[in-house]
Each structure stands twice: as C-alpha cells, then as structure tokens.
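So the sequence lines, in the order shown, correspond to chains A and B. Under the working numbering, the letters of the first sequence match residues 1 to 482, in that order. Under the working numbering, the letters of the second sequence match residues 1 to 444, in that order. Beta carbons are placed, not taken as given, at the ideal position from N, Cα and C, and that holds for glycine. The model shown is predicted, which means the values in this text are computed figures rather than measured ones. Remarks on the structure that follows.
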Amino acid sequence: MKLIFEKGKKGRRGSSLPKMDVPTKNAVPEKFKRKQAANLPEVSEQDVVRHYTLLSRKNMGVDTNFYPLGSCTMKYNPKVNERVASLPGFTELHPLLPQLRRGGALTQGALEVIYETQRLLCELLGFSDCTVQPLAGAHGELTGVMLMAAYHKGRKDHARKVLLIPDAAHGTNPASAMVGGFITQTVASDDNGNVDIEDLKSHLGPDTAGLMLTCPNTLGLFDPNIEEICELVHKAGGLNYCDGANQNAVMGRVTPGTIGFDVMHVNIHKSFSTPHGGGGPGSGPVLVGECLVPYLPVSRVQKRDDGTYTLRYHCADSIGYIAPFYGNFGIILRAYAYMLTLGREGLKRVGENAVLSANYMRVKLAPYFDQQVDRPCMHECVLSATPQAKKGVHALDIAKALIDRGFHPPTMYFPLIVPEALMIEPTETESKETLDEFIEALIEIVNLVDTDPESIIACPLTTPIKRLDETLAARKPNLADV
Amino acid sequence: MPYIANTKEDQQAMFETIGCTDFADMWRKSQVVVPEPALANIPEGMSEFEVISKLRQLASKNATELHTFLGAGYYDHIIPAAVSEISSRSEFYTAYTPYQPEASQGTLQAIYEYQSMICRLTGMPVSNASLYDGGTALFEAMMLAIRSTRRRQVVVSEAVSPIFREMLYAYSSNLNIELIQIPSGVDDSSQKALLDAVSDRTACVIVQYPNFFGTIEAWEKFNEKVHAKKALSVCSTYPISLALLTPPGELGFDIVTAEGQSLGNSLNFGGPYLGIMAVTTKLMRKMPGRVCGRTVDSEDKDGFVLTLQTREQHIRRESAMSNICSNESLCALNALVYMSCIGKEGFIQLAELCASKAAYARELLLAIDGVEAVGGEAFFNEFVIQLPCDAAEVVGKLIDKGFAAGFPLGRYYPDRKNQLLVALTEKRTKEEIKSLATALEAVL
C-alpha cells in the first residue's frame, strides 16, 4: 500500500483552522526561518481517514483475533475504560495546573483518581505505598532499581552493587539493572523451573544489592520456595524486587508484599486490561514496603484531613523526578475503572480463571510437544517445538501457520532457556470454545508436519505480505521516506 | 463476573481435563501455597453505569473551562476529530508490539510513516518509533552520547526545561556521570559559557530550541565549535515551532529530542505523551528504542518490519542500548494522523496563528503599567514578562477569575520570582487575550 506521502495533491487540505483575528505579525526573525516548508502530506480529511482505516485492517488485534501472546497478557480491553478516559474533564487538564497557586482545587477529581488507584493497588498487592508515575513496565523496573540503590546509599552500604537475576528473566530486568547503575549476575534455574537455591546461595554476599525475580516466573511457574528465597536474600542484606509482569496469574490470590518482596512493579497494560496500543503507551506503577517509602519519586499525592488532595514535592530522601508529572494518567484512569468494575470478587476471579485456561491448554497440547517441566502452570504454558524442529518445521513456521488459521501466534523463542519455545497465554477473558478452536488448529498443524511439512513452511499465505527479508532490513536500513 | 467468559459448566469440564476438583485444588497442585489474602479494603464491583457516573462526577471536579496561557513545554492545541477516530480503531489500539510482521502491517507502516514524518520535520535522517516522553527522551539522548563518545561529562543549559533537567539528575545519580549546569539568560543560553565548559571529557552539550523561556537562538556556529571538541550536541525542541524555524538537522545537531504531546495528543493531566528522538546516520545503530524498516517479502513485495533489534533489551539484555520495551506507539499514531490532517500548508498557517497571537499578547501585556519585557524579541509562541510582584500570587488571583495566566518561573528559578512565562496557541482568541490583559491589570 502507498505511503501517505505518495497520496494527495499540492494545495489539498485535511483540516480547518480558526481565522487570524490579530495582526499577522510574528516575532520569528527571518534569519531563523526554515527555507523550505516541512514536506508534510497534502491530502483531504477523507484521504487520511481512508488511508489509516485501510492500514488498521492489516492488523490483528484482541478485538479481531484470539491473541495468546505469552507474557503479554492480551486480555480483553473493556470499552467502558475507553469511555471514561475520553471525558474532557480528564483529557483537557493541563498537568501544571495543580502546581499553580489555587490550581490544586481545580484538579481534585484527577488527584483523587491517582490517590485511589494507588490505594487499591496497595491493597491488591500487599504493599505500604505506591507510585503510578512509571510510564511502562521497564520504566517501573528502573524506578524500582533506583529505589533499591537509594536504600543502600541511605544506609551508607556502598558495596552493594550486584543485582541477582534468574536466567529465565525478561531482557528488561538486566537492562534496567544496568541503566540503574548495578552489575548483574545470573542465577540458574533448577530442573523444576524454580530458582536453584544452592546457586542463589553461592551468589549472596556483602555485595548483594538484591534479587530481581519475576513471580510467577517466565516459564509460567510459581516458585514454591518463594518465601525461603526472599528470606535468604534479606539475611544477606539484600532487597527483593518482584517483576509483576505476570501478576495476572495470581491476581487476588497472592499479595507479593506479604511474602517477602520489598518492591514490585505491575504492568497496567497487561494485568489491568488497558490496551497495548501497538506497542504502548503502557504504565508501570511501583509498589513498596515500609523500608522504601521515603525514597519514592516526587511528586506524591496526599490526602488532607479535610478529604481534599494535594501534591507534595519536598521529600528529602526521594529519588527525584522519574517522569515529568504523575504518570500516564490516561492509562491509570482506565485501570481505576477496571478495578472499580471488578471489585474484590471480580479481581479474585481473574487469576484463577487465567490459570485454569492455561492449564487446560497445556494438558490438551502436551502430547504433541515437549515440555521443559511437566507440572501445572500458572497463566501461561511453555511448550517446546523440538519434536517438530527435528523434522524441519520450527516454532516460527508453526506461528506463521497459525496466522493463516486466524490466530495471532503465541510468543516464540522465549524464555531463552527453552529451545523452540512457544509460550501460550490464553487469559481469563477467552471462552473455552475459542481455546478449543485454537487447540484444534495447532494439532492440525502438528499433524501436517508429518504429512505435508512444505505446506507449513510456506505459511503465511493469507496475509497482505509474505515472510519478509529481515536480513535486508537490518543490513541496508531504510527507516524513513524523506 | 465481568469479562470472564467461562460458565460454571465450562469450568467444570476444564477441571476434569486438567485433573483438578476445583480452584483450591488447582492452586495446591500448581504449588501456590502462600496464604490467601482477604482484600477486605477493596470494595464490591460496580456496574458499567455506576462506574461511568462515578468517573463523570470526578471529572466534573476538574476545571477545563479556564482560558489557558499555560505552556512550559505542554500546549493546548487543536486536535482534529479524525485523530481520535483513527486511534480509537481497535485494530490499532488492541494490537501488541508488531513482532509478527505479517499480522501487523498496519501498525508497522504507520510507524514507518511516523519516522518519516519526524525526519521531514526535524531535518534529521533517522527517527525511532517513539520513547515515553520528552524528558526520558532527553535522558536517552544523553546516554546515547555517552555510549558513543565514551565520555561521562555532560553540559546542560539552564534554559533547558527544568522538569527535564530534574529528570536527568534523578537518572544519572547512580551512573557516575558528571552533569554541569550552565546558568542562562532568557535571551540567550550563555553559549560562550556552555562552550567554555566543554572539555575533552565532555560527551555532549544539551540545549533547547526554542529555549524554555521561548527564545529562538542561533546554534549553527555553536554546534561547529562543540564538534571541534569532539563532543556531540543535543537539542530538545518543540515540534510545532518547526513549521517556521530552521530544522535542527540543518543546524548541525547530532541528536534531536522533543515532547511530542503538541502533535495531536491531549494534555491528559501529564500523559500518555510522546518522546521523539531523531539522530544522525552515524548514531543509528546506537540509538535506543524500536525502529521500523522497509524491506521486501519473499515475492519481492514491499513490507515493513521491526529492525536493528540487536540494539534492544530482548536480545542484548544488560548490554542493550536502553531498557525500553513498551513505547508510546498509539501516541505516535496520533501525531502521524495529526500531521497528515493539518498538512503542509496548514502546519505553517497553524504556526503563524500561534506566533502572531503571541506577538499580539506580548504587546498588550507590556502596555500594562508595571509589566516589563524580559529578554529579546525573537520568540515563537511563548515569552517572559516581569511583573511588579510575585508572579505565583498573581497567577493565583487570576485563576479565581478564570485564567491560567502562565507559568510562574519562580517555581524552578528562585531569582525569577516576579517573572511569568506566557504561552499562546491557535485556540486563544483576540477576545481572550484582551480579557487576560484587563484581568491582569486589575489584579496588579
């Protein structure tokens, strides 16, 4: 399909602007003016709308297809959340308004949303305090890591420079640790997919700043030794960070703050139903136990005795500004609506149904694939397509064949410690019928590996484009049309 | 239960398949044995109608009817209706990061077009697919300069947004980076002092264009001198101003970042916003964040794919260029549709409106007894005025009269207590400007 720049005609317009009601006379000196107008499209509004509507139809989304992308929690994005997030009383609010004198009184509704969202997250996850400022999951990780650094610095414990990270972790964990100024060491997993406790012990010492643990882990497993692990790290003088990317599995069932974790982030765009937006915006609130509260980023939303809300900027030990304002407010608002809708009972039902669906998938598909660990999983199951790979059909090929059958593929080749991994996360919002259709499709593909492997390797056939030359893309990058 | 599809009957059938009797049995068998929380302080769920009513009521406690002259990096521009109509198509907003290109050509082509649009606007050859916001983009720019030069000193002008500078400080506190801030006038960013601070340990100089006080400055010669010292030059810019101003790419900047909110994204009480980053070709492979490239498929047909992924955390882990994963894709789509609608001529017309209204407003405000000019005459849509008393107090009084009159600089610059930063956009009418002047005169 043509680019928007290749459409339209000189002089064509897609917008109307207010009339000039003041003298046309600006204060931009000639010498600073650009010689050539920015080469933007010249298209009508209809051209724009048709172009992007047609583009949208080249996408799979949760609203059009089953999207069991492991570790991404592609659950349904409720429409009421979109509705409340588009209320002008929120969208038109300037973030600097509460920082003006008497401006706070004019933003009470927005401040209450932030305060209440933080309170509900604290209750749901078992922590003392929360900041909704981090703008994505990895940004939450970085914030959490900075809080840990501030804690050790505050205790003048300057030797604690090492963060321990299990080998199955998401790539963001070691990357966030690095951006936060730490050195990372890798802790091995044992044969059951749990943290290898002996290996953990061998890494603990006076240089240990803490452990970053995804819980449940990226193999989709809940580590039964979790409390012992947290205790070992505490005894060594470290802190425990919970990567809550997989919190959907244990929503309403496990409160990480009460089992030994000191700090945690959650991905609002995963567990709390806000849309992924084709890659963002996300939101990654960070929750902390008592010991880290003084270090939380500014500003802090506080509730006064008279029930009104205010922003506090002077917090002596705070790590400072990690975001320009109060987080991705529009996303927080959706999460707040989600929690209000579900309430206590609804939130409890989320985790258990997500786990039930994943185990159903696992049991039905286990005969056709290898499993690194043969035990009940959490919200996602990790299968290995090594039996198929031996016959020349790889996880990638299976993924493409699923696209032709109307399903978005599962996550492939992650976690890295599982060869030919296919990581399937059905979520609680999908029905048994959908799961059954997906299972049937996958079994059909596996059978074709024996009878007609070529037909799988040729996939996808139904998409707007076939498999792309990714080597060319990286070797001779064409990143813009200018 | 809301949003849970399976009936009791479905659940029963699934329990039988997996060999469990009920949920408690399932938790036990999956080794989740920690105590179950009561969640006593979480209220009962609400119906859709009740949720909307509650949120409507909260929204009504926020004032949106103010005549706003508040900017300071975040601006109240017109957003054509088509922008939100497109980005609320759920094929866009319910999709994930386009890791499966065959099922994501819509998102991918949009990202490629967005990157192209940013290049056309900034005059830079390479743009990424977006970062979180203008402040984190500036931090990433700083880190890119540090990686690329292998130097750890950074010189920052105080005429860079104080909010962004606060963020740079917070992020570099554990990274053994030496941040040097150079005091600045409203009129100029003390270019000589900035250059004097550049040494053979300097990774980059960071400036803002137009600067935080709204002033437009010449940077071409400055950048040549920075390069002569083998340091990089970084600027944070305001995209709408680039309709009129020489693009930073033509001024010799190596890295250009911006807060992209003004391009079709609502103010939204602070987010989600859009972090823009564009770089020189030389820095392309060290740039953080996702990037989309154009290539061909097995039948030689054009297509788009995420590329240069070996820079990223999911491949390189602790050696990645950044920890960023989720970005602001949907906000980038807003910006793209916005720029397509506004179009080549419209963009200039829009900027002329902003700039002319600003010039008009400044004239009117300066005519008030006791209000004085601060700084020079070269500005786009924002300028500083000196009041005879504390600007924060004046702003407080004007809020009661229905105006957000501007940003009192004393909040971040203690020696500028009486100064007010005033911003104009195409939305403010002549009448509003005149009534602001009248109201200001009345409270002084």
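Does the beta-carbon distance from residue i to residue j come in below 8 Å?
i	j	result
A/Met361	A/Leu435	yes
A/Tyr413	A/Ala395	yes
A/Pro88	B/Thr429	no
A/Gly137	B/Ser322	no
A/Thr341	A/Lys75	no
A/Gly61	B/Thr94	yes
A/Asp370	A/Ser384	yes
B/Arg285	B/Thr202	no
B/Glu102	A/Ile465	yes
A/Thr462	B/Glu91	no
B/Leu387	B/Leu444	yes
Determine, using beta carbons only, whether residue i comes closer than 8 Å to chain B.
i	result
A/Ala421	no
A/Thr64	yes
A/Ser431	yes
A/His379	no
A/Ile465	yes
A/Lys364	yes
A/Arg253	yes
A/Ser15	yes
A/Asp317	no
A/Glu228	no
A/Phe272	no
A/Asp481	yes
A/Asn359	yes
A/Ile342	Looking at the sequence provided, one finds Leu at residue 342 of chain A rather than Ile. Chain B, which has a Cβ nearer than 8 Å to the Cβ of A/Leu342, makes this yes.
May I ask which residues mark the beginning and end of the alpha helix (DSSP H) holding residue i?
i	result
B/Lys434	Lys430 to Val443
A/Gly330	Phe329 to Leu365
B/Arg56	Glu48 to Ala59
A/Pro88	Pro88 to Thr91
B/Glu352	Ser329 to Leu366
A/Cys291	From DSSP, A/Cys291 is part of no alpha helix (DSSP H); its letter is neither H nor E.
A/Arg443	Per the sequence shown, the amino acid found at residue 443 of chain A is Ile instead of Arg. Per DSSP, A/Ile443 belongs to the alpha helix (DSSP H) from Lys432 to Thr451.
Over what stretch of residues does the beta strand (DSSP E) that includes residue i continue unbroken?
i	result
B/Arg294	Cys292 to Val296
A/His51	No beta strand (DSSP E) holds A/His51; the alpha helix (DSSP H) holding it covers Glu45 to Ser56.
A/Cys459	Note, A/Cys459: premise wrong, no beta strand (DSSP E); not H, not E.
B/Thr237	Leu232 to Thr237
A/Tyr309	Tyr309 to Arg312
Would you verify that the beta carbon of residue i is, or is not, closer than 8 Å to some beta carbon of chain A?
i	result
B/Phe253	no
B/Asp400	yes
B/Arg201	no
B/Asn418	no
B/Met1	yes
B/Leu144	no
B/Ser127	yes
B/Thr307	yes
B/His77	no
What distance in whole Å lies between the Cβ atoms of residue j and residue i, which are believed to be in contact at a cut-off of 8 Å?
i	j	result
B/Val422	B/Gly396	Their Cβ separation, rounded to whole angstroms, is 16 Å, which puts B/Val422 and B/Gly396 out of contact at 8 Å.
B/Tyr413	B/Gln261	Rounded, the Cβ-Cβ distance is 23 Å, inconsistent with contact.
B/Gln109	A/Met1	7 Å
A/Glu437	A/Gly70	Rounded, the Cβ-Cβ distance is 18 Å, inconsistent with contact.
A/Arg467	B/Ser298	5 Å
A/Ile259	A/Glu227	5 Å
B/Ile368	B/Ala439	That belief does not hold up - the Cβ atoms of B/Ile368 and B/Ala439 are roughly 10 Å apart, past 8 Å.
A/Ala159	A/Asp207	5 Å
A/Gly210	A/Gly238	4 Å
Within its chain, find whatever has a CB closer than 8 Å to the CB of residue i; leave out the 5 residues flanking it on each side and keep chain order.
i	result
B/Glu432	His67
A/Cys315	Pro294, Leu296, Val298 and Arg300
A/Gln372	Gly193, Leu219, Val382, Ser384, Ile417 and Val418
Counting only the same chain and skipping the five closest in sequence on each side, list residues whose C-beta sits under 7 Å from that of residue i.
i	result
B/Ala378	Thr215 and Ile216
B/Thr281	Pro125 and Val126
Ordered along the chain, which non-local residues of its own chain (more than five positions away) have a Cβ less than 6 Å from that of residue i?
i	result
A/Ile4	Pro41 and His51
B/Ala373	Leu366
A/Leu204	Ala236
A/Ala85	Gly330, Leu333 and Arg334
A/Gly247	The residue you asked about is not Gly; residue 247 of chain A is Gln in the sequence shown. For A/Gln247, where only same-chain residues beyond five positions count, the Cβ hits under 6 Å are Val266 and Ser271.
B/Glu158	Gln181, Pro183 and Ser184
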